[in-house]
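Chemist:
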Amino acid sequence: DRFNPYFFVVFSAMILPFLYMFIGPLPFFGIATSKLQLLLVLALLGFFVPMGCTPILLIMIEVYKARNGGHMSISASNTIVSLYCSCFPLGAVIGSFSAGIVSLYAPFELSTGVLGIIFLLESTFSIVYCWRVVKMKEHAKISNEETPLLRY
634 DRFNPYFFVV FSAMILPFLY MFIGPLPFFG IATSKLQLLL VLALLGFFVP MGCTPILLIM
694 IEVYKARNGG HMSISASNTI VSLYCSCFPL GAVIGSFSAG IVSLYAPFEL STGVLGIIFL
754 LESTFSIVYC WRVVKMKEHA KISNEETPLL RY
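In our numbering, the protein residues as written are 634 to 785.
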């Protein structure tokens with residue numbers, strides 16, 4: 634709770650695509666698929682996915698406050714939390730659906746690798762978004778007030 638939420642999102646966004654490429658792993662890595670390798674990568678995903686997802690709620694609240702002079706109504710807070718919570722089941726549906734389509738045309742190793750490569754794009758957007766939010770906050774000159782969830 635002492636670190637900046639942007640650090641966690643960016644760090645997670647840089648690590649996750651490579652972990653997805655190693656679930657299979659991609660054939661050009663020259664690594665044979667094994668249960669130990671799969672379990673290790675899934676354990677690392679279980680660590681890095683929440684690291685990237687948890688701070689997003691704080692960032693969404695900061696963006697709203699920066700755009701509205703530091704004020705937030707209860708309805709805005711409820712809407713932001715609802716949007717945040719709805720992203721997880723939507724991501725599960727989209728991820729499973731796209732993985733199913735890719736797996737029809739490619740073996741398991743390539744399908745997880747393709748999803749990792751697609752995830753590189755998403756990670757790039759996440760990093761650019763965090764950078765733009767920080768710049769917006771600097772431009773808006775809103776003070777970094779402490780939140781009960783995260784202290785800088």
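Backbone N, C-alpha and C fix where the C-beta goes; we use that ideal spot for every residue, glycine too. Values in this document were obtained by computation on a predicted structure and should not be read as measured data.
Hey, Glu742 and Pro658 are a contact pair by Cβ (cut 8 Å); roughly how many whole angstroms apart?
Modeler: 6 Å
Chemist: Quick check: the Cα distance between Phe752 and Asn701, rounded to an integer number of angstroms?
Modeler: 32 Å
Chemist: So is Phe680 in contact with chain B if we call contact Cβ pairs under 9 Å?
Modeler: Protein chains in the displayed structure number just one, and chain B is not present.
Chemist: Could you tell me whether the segment 639 to 655 touches the segment 683 to 696, using the rule of 3 or more Cβ pairs below 8 Å?
Modeler: yes
Chemist: Consult DSSP for Gly702 and reduce its assignment to one of helix, strand or coil.
Modeler: Note: Gly702 maps to coil in three-state DSSP.
Chemist: By DSSP, does Gly733 sit in helix, in strand, or in coil?
Modeler: helix
Chemist: Which value, in whole angstroms, describes the spacing of the CA atoms of Asp634 and Leu673?
Modeler: With a pLDDT of 49 at Asp634, under the threshold of 50, the predicted position of this residue should be treated as unreliable, though the coordinate-derived value follows. Straight-line Cα distance between these residues: approximately 26 Å.
Chemist: Following the continuous alpha helix (DSSP H) through Thr666, name the residue where it begins and the one where it ends.
Modeler: Careful: Thr666 lies outside any alpha helix (DSSP H) and carries neither H nor E.
Chemist: With distances taken from CA atoms, which of Trp764, Leu652, Ala665 and Cys718 is nearest Leu677?
Modeler: Answer by Cα proximity: Leu652.
Chemist: When the Cβ atoms of the segment 659 to 670 are set against those of the segment 757 to 773, are three or more pairs found closer than 8 Å?
Modeler: Counting Cβ pairs under 8 Å, fewer than three are found: no touch.
Chemist: DSSP three-state label for Pro740, please.
Modeler: In the three-state reduction of the DSSP assignment, Pro740 falls in the coil class, being assigned neither a helical nor a strand state.
Chemist: Decide if Arg784 is buried, meaning its Cβ has at least 16 other Cβ atoms within 10 Å, or exposed.
Modeler: Low confidence applies to Arg784: its pLDDT is 40, below 50, so where it sits in the model is not reliable, and the reading given next is rough at best. In summary, Arg784 is exposed, with fewer than 16 beta-carbon neighbours lying within 10 Å of its beta-carbon over all protein chains present.
Chemist: Flag this pair as yes or no: are the beta carbons of Ile750 and Met654 separated by less than 9 Å?
Modeler: yes
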